[in-house]
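**Q**
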Amino acid sequence: ETGVTQSPTHLIKTRGQQVTLRCSSQSGHNTVSWYQQALGQGPQFIFQYYREEENGRGNFPPRFSGLQFPNYSSELNVNALELDDSALYLCASSLRGGVLETQYFGPGTRLLVL
Amino acid sequence: TQLLEQSPQFLSIQEGENLTVYCNSSSVFSSLQWYRQEPGEGPVLLVTVVTGGEVKKLKRLTFQFGDARKDSSLHITAAQPGDTGLYLCAGVNSGGYQKVTFGIGTKLQVIP
Chain A
130 ETGVTQSPTH LIKTRGQQVT LRCSSQSGHN TVSWYQQALG QGPQFIFQYY REEENGRGNF
190 PPRFSGLQFP NYSSELNVNA LELDDSALYL CASSLRGGVL ETQYFGPGTR LLVL
Chain B
17 TQLLEQSPQF LSIQEGENLT VYCNSSSVFS SLQWYRQEPG EGPVLLVTVV TGGEVKKLKR
77 LTFQFGDARK DSSLHITAAQ PGDTGLYLCA GVNSGGYQKV TFGIGTKLQV IP
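Below, the structure written as structure tokens:
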């Protein structure tokens, strides 16, 4: 186990709804990244949070937003859900500043949009 | 947009066989990582290669980084059923933040 936890494990929503996914980072880590993994694909980078600020973003629309809290845990919010948002959402925590910054992934939240 | 192409995407082999998975890109990366992901779990890092031409071994797994730091390979010797899983390569660029770009993955099934 990596020490990274995510909740909930599974979620079913309908199109147009909003969803919040949560991630607790590994102890001592200060950076959280979020990824979307569609079925049969590799993870796609959504964004990264460091010191409670977004400091990197992939090719995702603004309806994907996030937060990082003082304890370094994080939330991913998705508004106006679309069918294509159905995927496994992964968070990964890491410690910025090392020579090789290694990301440790949580088990993911599987989201189904109907 | 940086892309990583992995081949093959699917591989089904008998226990004891050898196999090689390839990861290619037109872009240069600071480093390249290989992960293994099992159903219902997140990817787990196997290795990071940093220097062009670098070779790393992890028991029966051999990882190589291309001289130009654009491609990599993973070779498994005498595959075991426990090697079954999704193998992902990921290119890493370190700038203002560490950006990790994943390939589509190679789904490996080792049949006893």
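These protein sequence lines are chains A and B, in that order. Using the numbering used here, read the first sequence as starting at 130 and increasing by one per residue. Using the numbering used here, read the second sequence as starting at 17 and increasing by one per residue. Yeah, the Cβ is synthetic: ideal placement off N, Cα and C, and Gly gets one too. Quick caveat: nothing in here was measured; it's all calculated off a predicted structure.
1. When we look at the beta-carbon of A/D214 and count the other beta-carbons within 10 Å, is it buried (16 or more) or exposed?
2. Of all the CB atoms in chain B, is at least one closer than 8 Å to the CB of A/E181?
3. Hey, how far is the Cα of B/S46 from the Cα of A/Q232?
4. Taking CB distances under 8 Å as the criterion, tell me whether B/P59 reaches chain E.
5. Measure from the C-beta of B/G121 to each C-beta in chain A and report whether the shortest distance is under 8 Å.
6. Should B/F118 be flagged as near chain A, meaning a C-beta pair shorter than 8 Å?
7. Quick one: which chain B residues come within Cβ less than 9 Å of A/N184?
8. Determine the direct distance from the alpha carbon of A/F193 to that of A/V161, and round the result to whole angstroms.
9. I want to verify the contact list: residues of chain B whose CB lies under 7 Å from the CB of A/E230, in sequence order.
10. With DSSP as the reference, label B/G98 as helix, strand or coil.
11. Which residues does DSSP pair with B/E33 in a beta bridge?
12. Exposed or buried, what is A/Q165 when buried is set at 16 or more other beta-carbons lying within 10 Å of its beta-carbon?
13. Comparing the C-beta of A/Q177 with each C-beta of chain B, is any distance below 8 Å?
14. Locate the beta strand (DSSP E) running through A/N206, then write down its first and last residues.
15. Which residues share a DSSP beta bridge with B/Q53?
16. Using only the alpha-carbon positions, how far apart do A/N184 and B/Q80 sit?
17. If you check the beta carbons only, do A/Y179 and A/N159 fall under 8 Å apart?
18. For B/G56, would you say it is in contact with chain A, using Cβ-to-Cβ distances shorter than 8 Å as the test?
**A** The structure says:
1. Numbered from its first residue, the first sequence carries residue 214 of chain A at position 85. Answer is buried; the Cβ neighbour count reaches 16.
2. For the purposes of this step, residue 181 of chain A is taken as residue 52 along the first sequence, with counting starting at 1. With 8 Å as the cut-off, A/E181 does not count as an interface residue toward chain B.
3. As a working mapping, residue 46 of chain B is identified with position 30 in the second sequence. As a working mapping, residue 232 of chain A is identified with position 103 in the first sequence. Rounded to the nearest angstrom, the two C-alpha atoms are 15 Å apart.
4. The structure shown contains no chain E; its protein chains are A and B.
5. Here residue 121 of chain B corresponds to residue number 105 of the second sequence, with the count starting at 1. So yes, B/G121 belongs to the interface.
6. Within the second sequence, the letter at position 102 stands for residue 118 of chain B. Yes, contact with chain A.
7. Locating residue 184 of chain A in the first sequence gives position 55, counting from the first residue. G112 and Y113, listed in chain order.
8. Start at 1 with the first residue of the first sequence, and residue 161 of chain A comes out as number 32. Start at 1 with the first residue of the first sequence, and residue 193 of chain A comes out as number 64. Answer to the nearest angstrom: the Cα atoms are 15 Å apart.
9. In the first sequence, residue 230 of chain A corresponds to position 101, counting from 1. Within chain B, the residues near A/E230 are Q114.
10. Residue 98 of chain B sits at position 82 when you count from the first residue of the second sequence. Of the three classes helix, strand and coil, the one that applies to B/G98 here is helix, per DSSP.
11. Here the question's residue 33 of chain B lines up with position 17 in the second sequence. DSSP, once it has assigned bridges, lists no residue as partnering B/E33.
12. Stepping through the first sequence from its first residue, residue 165 of chain A is reached at position 36. Looking at its Cβ environment, which holds 16 or more other Cβ atoms inside 10 Å, A/Q165 is buried.
13. Residue numbering aside, residue 177 of chain A sits at position 48 when the first sequence is read from its first letter. Yes - at least one Cβ of chain B is within 8 Å of the one on A/Q177.
14. For the purposes of this step, residue 206 of chain A is taken as the residue at position 77 of the first sequence. Start and end: S203 to V207.
15. In the second sequence, counting from the first residue as 1, residue 53 of chain B sits at position 37. According to DSSP, B/Q53 bridges with B/L102.
16. The sequence position of residue 184 of chain A within the first sequence is 55, counting from 1. The sequence position of residue 80 of chain B within the second sequence is 64, counting from 1. So the alpha carbons of these two residues sit roughly 31 Å apart.
17. Position 50 of the first sequence holds residue 179 of chain A. Position 30 of the first sequence holds residue 159 of chain A. Going by C-beta atoms, A/Y179 is nearer than 8 Å to A/N159.
18. Taking the first residue of the second sequence as position 1, residue 56 of chain B is located at position 40. True, the Cβ-Cβ gap to chain A drops below 8 Å.
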